[in-house]
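**Student:** The sequence shown begins at 72 in the working numbering and counts up one residue at a time. Here it is, the structure in full.
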Amino acid sequence: MTRRISGFTPSGVLHLGNYLGAIRPIVDGTGHTDTVVFISDLHALTLDHDPALVRERTLEFATLLLAAGADPDRHLLLVQSHVPEHAELHYLLECTTGYGEAQRMIQFKEKSRRQQQIRMSLLTYPILMAADILLYDADEVPVGDDQSQHVELARDVAYRFNTRYGQTFTVPRAVHPPVGARIMDLAAPTTKMSKSASSVAGSLRLADDPDTLRRKVMRAVTDDGRDVVYDPDRRPGVANLLDILASCTGTDPAGLAPGFDSYGQLKRAVADAVVETLGPLRKRYQELSDDPEHVRGVLRTGAARAREIAQRKVRRAKQAIGLLPA
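Shown next as structure tokens:
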């Protein structure tokens, strides 16, 4: 069975784009993929952060993933920092990665431009991401375009390690979610909906109540003109609304456009679809939020299961690279 791995960094708030592009495919893939789902809290430390907020969001992310249908009996669900082998394998992979490879990562270049003080972890976190993937012998890594380069690095590092020290890791490949991967910001429809956006107006957050979801959709930026057409280049606002509606209803965005006479009619349909799509998730999230110890228990069990796999892989990697067994 194909193994997939998906990580969610608690550096913001999960939104509809995350659900449609990353979370729902995990649930839909149950039965024909072996899936590892983890909250990548170590990655949240690469930038300036509030420690209390990282802890809070880590538990919130786990709760939302469970509410969305992640099944701890069928998916391996864990918090990255609860499995120390992630950091241990990270160092071993650093010993097989060139400085130039890390420095060439596009996200490092973009994020480092916005900071006066650049943390070393921002430079090396793609190698930690490689460790996350290779630790579990993942075959496939669902990512957006902005993370494809990091999966390529993981492939390069795995191949180099295997070539130099013997077959140790599965060489992974990136896969791209076909629907929902490019849900755009409602307030800025040329920008992808983001967990860490400074404005909440453009982001349909998974924990938002129905009234808030409707209000955000009804205030969404549209375009010049009055007719509803699917034209992402010239009508990005309307195209984004059609993409959201299509993703929620499993239909084609271009085929939906002729059914609407006005932007207002379209927005009402989108609001209804979003509320209906997220309704069961929000209900279950509220139930789980009332019992955080249950969620913590699920994470402890997941970490214990993960360590059984991770320890074997790290022992194998340490022996291959030349370290003396204890």
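Note that beta-carbon positions come from the ideal geometry of N, C-alpha and C, so glycine has one too. It should be emphasised that the depicted structure is a prediction, and the values quoted were computed from it without experimental measurement.
Under three-state DSSP, which class holds arginine 253?
**Tutor:** Locating residue 253 in the sequence shown gives position 182, counting from the first residue. Residue state, collapsed to three classes: coil.
**Student:** In chain order, what residues of the same chain lie with their CB nearer than 7 angstroms to the CB of serine 152, ignoring the 5 residues before and after it?
**Tutor:** Counted from its first residue, the sequence shown places residue 152 at position 81. The answer, listed in chain order, is Asp112, Leu113.
**Student:** Could you tell me which of Thr104, Gly83, Leu87 sits nearest to isoleucine 110, measuring between CA atoms?
**Tutor:** For the purposes of this step, residue 110 is taken as residue 39 along the sequence shown, with counting starting at 1. Of the listed residues, the one whose Cα sits closest to isoleucine 110 is Gly83.
**Student:** Exposed or buried, what is histidine 365 when buried is set at 16 or more other beta-carbons lying within 10 Å of its beta-carbon?
**Tutor:** Mapped onto the sequence shown, residue 365 falls at position 294. Its Cβ having fewer than 16 others within 10 Å, histidine 365 is exposed.
**Student:** Taking the Cβ atom as the reference point for each residue, do histidine 221 and methionine 176 lie within a distance shorter than 8 angstroms?
**Tutor:** Position 150 of the sequence shown, counting from 1, holds the residue named residue 221. Position 105 of the sequence shown, counting from 1, holds the residue named residue 176. Closer than 8 angstroms, so yes.
**Student:** In the structure shown, what three-state DSSP assignment does aspartate 294 receive?
**Tutor:** On the sequence shown, position 223 is the one that residue 294 refers to. Aspartate 294 falls in the coil class under three-state DSSP.
**Student:** Let me know if methionine 72 comes out buried or exposed under the rule of 16 or more other beta-carbons within 10 Å of its beta-carbon.
**Tutor:** In the sequence shown, counting from the first residue as 1, residue 72 sits at position 1. Exposed is the call here.
**Student:** Flag this pair as yes or no: are the beta carbons of valine 346 and proline 281 separated by less than 8 angstroms?
**Tutor:** Here residue 346 refers to the residue found at position 275 of the sequence shown. Here residue 281 refers to the residue found at position 210 of the sequence shown. Yes.
**Student:** Does DSSP put serine 82 in a helix, a strand or coil?
**Tutor:** On the sequence shown, residue 82 is found 11 positions in, with the first residue counted as 1. Of the three classes helix, strand and coil, the one that applies to serine 82 here is coil, per DSSP.
**Student:** Let me know the alpha helix (DSSP H) ranges lying completely inside the stretch 317 to 354, each 4 residues or longer, listed in chain order.
**Tutor:** Runs of the alpha helix (DSSP H) inside the stretch 317 to 354: 324 to 327.
**Student:** Taking 8 angstroms as the threshold, find out whether the stretch 230 to 242 comes into contact with the stretch 272 to 287 through three or more Cβ pairs.
**Tutor:** No, they do not touch.
**Student:** Do you know how far the Cα of leucine 137 is from the Cα of leucine 352?
**Tutor:** Position 281 of the sequence shown holds residue 352. Position 66 of the sequence shown holds residue 137. Leucine 352 and leucine 137: Cα-Cα distance of roughly 9 angstroms.
**Student:** Where does the unbroken beta strand (DSSP E) through leucine 148 begin, and where does it stop?
**Tutor:** For the purposes of this step, residue 148 is taken as residue 77 along the sequence shown, with counting starting at 1. Per DSSP, leucine 148 belongs to the beta strand (DSSP E) from 147 to 150.
**Student:** Does the beta-carbon distance from leucine 160 to alanine 123 come in below 8 angstroms?
**Tutor:** Along the sequence shown, one-based indexing puts residue 160 at 89. Along the sequence shown, one-based indexing puts residue 123 at 52. Not in contact: leucine 160 and alanine 123 (Cβ atoms no closer than 8 angstroms).
**Student:** In the DSSP assignment, find the unbroken beta strand (DSSP E) run with arginine 306 in it and report its ends.
**Tutor:** Taking the sequence shown and counting its residues from 1, one reaches residue 306 at position 235. Note, arginine 306: premise wrong, no beta strand (DSSP E); not H, not E.
**Student:** Taking the beta strand (DSSP E) that threonine 106 belongs to, which residues open and close that run?
**Tutor:** In the sequence shown, the residue the question calls residue 106 occupies position 35. First-last of the beta strand (DSSP E) with threonine 106: 104 to 110.
**Student:** Closer than 8 angstroms, CB to CB, is threonine 262 near chain C or not?
**Tutor:** As a matter of chain content, chain C is missing from the structure shown, which is built from one protein chain.
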